[in-house]
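Numbering (UniProt numbering), first residue to last: 1 to 90.
Structure, rendered in structure tokens:
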């Protein structure tokens, strides 16, 4: 039979409970610190080529969101065959 608790890599019960009860403000503060550190390191250490690729990816995501909103509002993309002459044979 296996023993309960006290094994390698386990914390005592009191330490687990204390670390699991962080307040919302503490969690948001930790998240804010992590994001600030991430942005600071990105600005300082990313190459110009990486920043260019990232900005292009942001553009593509924004364009995709714009197309999605357009499809939701209009219902579909504009059918370009409506603008061709009706007697045109393909």
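Ideal placement from N, C-alpha and C gives every residue a C-beta, glycine not left out.
These numbers come from a predicted model, not from an experiment.
If you draw a straight line from the Cα of residue 26 to the Cα of residue 34, it is about 12 Å long.
Per DSSP, residue 62 is one residue of the alpha helix (DSSP H) stretching across 48–74.
In the three-state reduction of the DSSP assignment, residue 45 falls in the helix class.
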